[in-house]
Amino acid sequence: MDMTSYLVMMAVSAVVCCCMTFFLLKNDGIAVKQAGLSAVLLLVLGSVLGFVCAKLLYIMLMLPFVRDLGMFFQGSQIDKLSYYGGVAGVVFAAFLVAKITGIPVRRFLNRFAPAGAFMAAMARFAEFYLGTLGVGDYMEEGGFFPLAVANKWGEYYLAVFIFEGLFSLIAMVLAFLHNREKDCFVRTLFYLCLPQIFCESLRNISISWLFVRAEQLLCYLFVEAVLIAWSLRIRGTRKQWYLPFAAGLVVCALTVGEEFALDKSDIPHVITYTCMVAGLVLLVVMEHWSYRQAMQVSSKE
Amino acid sequence: MKKWLAFCLMITILMGIYSFAAAEGTVRKLPIDLSGGAPLQKNFDAKMTVYEDPSIRVERAKVSGSKWGCVYYTAFITIADASQLRTLPADDTFLSKMTTKASVMAKRVNAVLATNGDYCTAIDTKKASSYILRQGVVYRDSIQTGLDLLMIDEDGNFHIKQADDALAEMDKTMIDGKRVINAFQFGPGLVIDGEKVPDEYILDYSHSPDFAQPDHKAQRMCIAQIDDLHYMVLCCAFYGMDLVSLRDLAMELAPVKNVYVLDGGESTQFVFLGTKLNNIKEGSQNVRPVTDIIYFASAYFTD
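As you go down the protein sequences, you meet chains A and B in turn. Quick note on our numbering: the first sequence kicks off at 2 and runs consecutively. Quick note on our numbering: the second sequence kicks off at 190 and runs consecutively.
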């Protein structure tokens, strides 16, 4: 574990993220002074709230199982943080910055979306320095970087953090392409959370309550909330309005079954993960369809 | 010329004697740390049932078609020194939640026989606060007073303390004047100091980790001490047995002094010379990665 390199990479990424936010705000017609102040505030508040919320969510998720609160603050702290707590903290910071600087919250968050996805990607890539924290299963046939990383015994483990980073970069590209949409920020978060459901399952170390992976569950909650929101928007105009959120529930139930199968059955993991990915692709289709339908409805109105 | 030939012959004989002596090797106490055992003298062969060198003897068996209604696996182990009974985490520390297959860990440390441990960093309401002392180091100084505690001292002797509030107060690093090298919290203990633990105690859910279901049939793993530096590892295959049957089977197999239950179910892994032997099925098989192993290593070095 190389904490110094990790912290340097996180710090540099945070600065780049704030610079991106500055230029995106400036390009959107926000005054340079206001955009600059936003970027600086975002750097400070994002760093503080990101860490605090990552710690808080970790404590909340583990509280039912730990009697001694001191255990949360003993030993290495880096594995006692929740990634999505950190994401929530940065989002909250962005919300506060918009309020402080007087930029409309939706407008600020939509401009911030690509920069946020970039930061999410870098935070994952930085896990390279955290030893085994971001790896997946042992690879019997060996491997090579960046598909796998080797430990000190020469054993290869799937480099899940690389996949997560790449998925976040895809979300960043989508956020850039759809930067003018009024729900750009929510959709970017949706596409950050969705692949995490799959990647969390691949991760060797995750916050889990026996067989339930807590952050996978949180991602599902957010994804389902978005699908419900889009479904409700098209309720009055489309007969199949319920399909997106119904698909969300079905795929979620299937994921529970798939997680069980991964642990308890001899069904090859490739088959189980293929089913999981197929379910998630269905949710992508549902989200895209329902959002386009909702856009059509709102444009007619 | 004759003198020269005699000299060459003598040198050859001396070199032969020296190389023979070097190949003899020595038995050395292993350090109490996370390093492994001496390199194995033989590779795995499916037909091999005994591994033996001057420091260790492991005899394994698979028994099917017995009155117990399930296939079970046994290993009887005799070691020369207590340091050969060791533990290893999947990562650099026993506090890590990192997991990997027991066979992968066994290969790292040249384990002759390895089994899964107590899944020390599992998160359920009991295991989350269990005591972790491994290879002489206290990794987590909390205690789960609802679970039995197995302590293995520096002489390799087992001491099982039953679930009790007094566990919180007692010194868990020393027992009977001896240093504790490894301690586990899974259990329960099935036999303690030669006495069988009553059925009611074993079947009481409060004395097992969550989901261990002591009265259900399941794959089980236990470790037993028969005598000084003489041990038995016993595990049963799917569909398995309840813990009372496991105790009775262990007592039938050997005059055990102490028997302690380790993690079971899909975690059950009985690894001989780096190869998992229990529950081998045709075709593909998923093996649950675990956080830690207990293993017996050779201390016979030929270098």
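Even glycine gets a Cβ: it sits at the ideal position worked out from N, Cα and C.
Which residues, taken in chain order from the region 291-320 of chain B, show a beta carbon closer than 8 Å to some beta carbon of chain A? For the region 291-320 of chain B, which is checked against every Cβ of chain A, the residues closer than 8 Å are V293, R297, A311, I312, D313, T314, A317 and S318.
Which partner residues does P278 of chain B have in the DSSP bridge list? Locating residue 278 of chain B in the second sequence gives position 89, where the first residue counts as 1. Its beta-bridge partners are B:D481.
Establish whether the CB of S202 of chain A and some CB of chain B are separated by less than 8 Å. Within the first sequence, the letter at position 201 stands for residue 202 of chain A. Chain B contact via Cβ: absent.
C-beta contact flag for D3 of chain A and I206 of chain A at 8 Å: In the first sequence, the residue the question calls residue 3 of chain A occupies position 2. In the first sequence, the residue the question calls residue 206 of chain A occupies position 205. Against a cut-off of 8 Å, the Cβ pair of I206 of chain A and D3 of chain A comes out as no contact.
Taking the alpha carbon of D404 of chain B as the reference point, which residue from B:I412, B:D431 and B:L379 has its own alpha carbon closest? In the second sequence, residue 404 of chain B corresponds to position 215, counting from 1. Measuring from the Cα of D404 of chain B, the nearest candidate turns out to be B:D431.
Would you call R293 of chain A buried or exposed, if buried means 16 or more other Cβ atoms sit within 10 Å of its Cβ? Within the first sequence, residue 293 of chain A is the residue found at index 292, counting from 1. By the 10 Å Cβ count, R293 of chain A comes out exposed.
Where does the unbroken beta strand (DSSP E) through N467 of chain B begin, and where does it stop? The sequence position of residue 467 of chain B within the second sequence is 278, counting from 1. Note, N467 of chain B: premise wrong, no beta strand (DSSP E); not H, not E.
For F223 of chain A, count the other beta carbons within 10 Å of its own beta carbon; 16 or more makes it buried, fewer makes it exposed. Which is it? For the purposes of this step, residue 223 of chain A is identified with residue 222 of the first sequence, where counting begins at 1. With 16 or more other Cβ atoms inside 10 Å of its own Cβ, F223 of chain A counts as buried.
Counting only Cβ pairs nearer than 9 Å, list the residues of chain B close to K265 of chain A. In the first sequence, counting from the first residue as 1, residue 265 of chain A sits at position 264. Chain-ordered, the chain B residues with CB closer than 9 Å to the CB of K265 of chain A read G454, E455, N475 and R477.
Contact with chain B by Y192 of chain A, beta-carbon distance below 8 Å: Start at 1 with the first residue of the first sequence, and residue 192 of chain A comes out as number 191. No, Y192 of chain A lies away from the interface with chain B (no Cβ there is under 8 Å from its Cβ).
CA nearest to the CA of Y428 of chain B, picked from B:Q414, B:V460, B:V422 and B:N468: Taking the first residue of the second sequence as position 1, residue 428 of chain B is located at position 239. Selected option, being the one with the closest Cα: B:N468.
Below 7 Å CB to CB, which residues in the same chain sit around T215 of chain B once its five sequence neighbours on both sides are set aside? Taking the first residue of the second sequence as position 1, residue 215 of chain B is located at position 26. Answer for T215 of chain B: F490, listed in chain order.
Inter-residue CB distance, C411 of chain B and L435 of chain B (contact presumed, cutoff 8 Å): The residue you call residue 411 of chain B lines up with position 222 of the second sequence. The residue you call residue 435 of chain B lines up with position 246 of the second sequence. In this structure C411 of chain B touches L435 of chain B by the C-beta definition: roughly 6 Å separates them, less than 8 Å.
Exposure of F261 of chain A, with buried meaning 16 or more beta-carbon neighbours within 10 Å: Looking up residue 261 of chain A in the first sequence gives position 260. With fewer than 16 other Cβ atoms within 10 Å, it is exposed.
If the criterion is Cβ atoms closer than 8 Å, does the pair Y240 of chain B and L466 of chain B meet it? Position 51 of the second sequence holds residue 240 of chain B. Position 277 of the second sequence holds residue 466 of chain B. For the pair Y240 of chain B and L466 of chain B, the CB atoms are not nearer than the 8 Å cut-off.
Spatial distance of F1 of chain A from E128 of chain A (CA atoms): The requested residue 1 of chain A does not occur in the structure, where chain A is confined to residues 2 to 302.
Classify D481 of chain B: buried if its beta carbon has 16 or more other beta carbons within 10 angstroms, exposed otherwise. Along the second sequence, read from residue 1 onward, the residue named residue 481 of chain B stands at position 292. Its Cβ being crowded by 16 or more others within 10 Å, D481 of chain B is buried.
Within chain C, the residues that K470 of chain B reaches when beta carbons sit closer than 9 Å: You won't find chain C in this structure, because its protein chains are A and B.
Nearest to L284 of chain B (by Cα), restricted to the options A:P65, A:M72 and A:L284: Translated into the one-based positions of the second sequence, residue 284 of chain B becomes position 95. When only C-alpha atoms are compared, the closest one is A:M72.
Own chain partners of L114 of chain A with C-beta closer than 6 Å, once the 5 adjacent residues on each side are dropped: One-based indexing of the first sequence puts residue 114 of chain A at position 113. Looking at the sequence shown, residue 114 of chain A is not Leu but Ala. A176, C185, F186 and T189.
Closer than 8 Å, CB to CB, is S397 of chain B near chain A or not? Residue numbering aside, residue 397 of chain B sits at position 208 when the second sequence is read from its first letter. Not an interface residue.
Any idea what DSSP makes of A210 of chain B, helix, strand or coil? Here residue 210 of chain B refers to the residue found at position 21 of the second sequence. For A210 of chain B, the predicted model reports a pLDDT of 47, less than 50, meaning its position is unreliable and no value from the coordinates is stated.
Out of A:A226, A:G103 and A:V174, point me to the one whose CA is closest to A121 of chain A's CA. By 1-based counting over the first sequence, the position of residue 121 of chain A is 120. Nearest C-alpha to A121 of chain A: A:V174.
Spatially closest choice to Q324 of chain B from B:K296, B:L274, B:L438 and B:F265, by CA coordinates: The sequence position of residue 324 of chain B within the second sequence is 135, counting from 1. Minimum Cα distance to Q324 of chain B is reached at B:L274.
Interface residues of chain A around D280 of chain B at Cβ under 7 Å? Translated into the one-based positions of the second sequence, residue 280 of chain B becomes position 91. By Cβ distance, chain A contributes T133.
Do L281 of chain A and F164 of chain A come within 8 Å of each other at the CB atom, strictly closer than that value? By one-based count along the first sequence, residue 164 of chain A stands at place 163. By one-based count along the first sequence, residue 281 of chain A stands at place 280. Contact flag unset, no.
Is D419 of chain B helix, strand or coil by DSSP? Taking the first residue of the second sequence as position 1, residue 419 of chain B is located at position 230. Contrary to the premise, residue 419 of chain B reads as His rather than Asp in this sequence. Correct three-state label for H419 of chain B: strand.
Just to make sure I have the definition right: I need the residues of chain B whose C-beta is within less than 7 Å of the C-beta of E156 of chain A. Which are they? Here residue 156 of chain A is taken as the residue at index 155 of the first sequence, counted from 1. Within 7 Å Cβ-Cβ: V293.
Status (buried if at least 16 other CB within 10 Å, exposed otherwise) for M61 of chain A: On the first sequence, position 60 is the one that residue 61 of chain A refers to. Classification of M61 of chain A: exposed, given that the 10 Å Cβ count is below 16.
Decide if the region 86-103 of chain A is in contact with the region 36-56 of chain A; the criterion is three or more beta carbon pairs, one per stretch, under 8 Å apart. yes
Per-residue DSSP class, three states only, for M430 of chain B: Start at 1 with the first residue of the second sequence, and residue 430 of chain B comes out as number 241. Strand, per DSSP.
List in chain order: all unbroken beta strand (DSSP E) runs of 3+ residues lying wholly within the region 127-177 of chain A. 149-151 and 157-159
Exposed unless 16 or more other CB atoms sit within 10 angstroms - verdict on R181 of chain A: To locate residue 181 of chain A, count along the first sequence from 1; it is residue 180. Exposed: under 16 other Cβ atoms inside 10 Å.
Under 8 Å between C-beta atoms of F119 of chain A and M21 of chain A: The residue given as residue 119 of chain A occupies position 118 in the first sequence. The residue given as residue 21 of chain A occupies position 20 in the first sequence. Contact: yes.
8 Å is my cut-off, CB to CB: does A211 of chain B come that close to chain A? Here residue 211 of chain B is taken as the residue at index 22 of the second sequence, counted from 1. In this predicted model, A211 of chain B has a pLDDT of only 49, less than 50, meaning its place in the structure is not dependable; the value taken from the coordinates is given anyway. No, its Cβ sits nowhere closer than 8 Å to a Cβ of chain A.
Candidates A:S232, A:G90 and A:D138: closest to P478 of chain B by CA position: Translated into positions along the second sequence, residue 478 of chain B becomes position 289. When only C-alpha atoms are compared, the closest one is A:D138.
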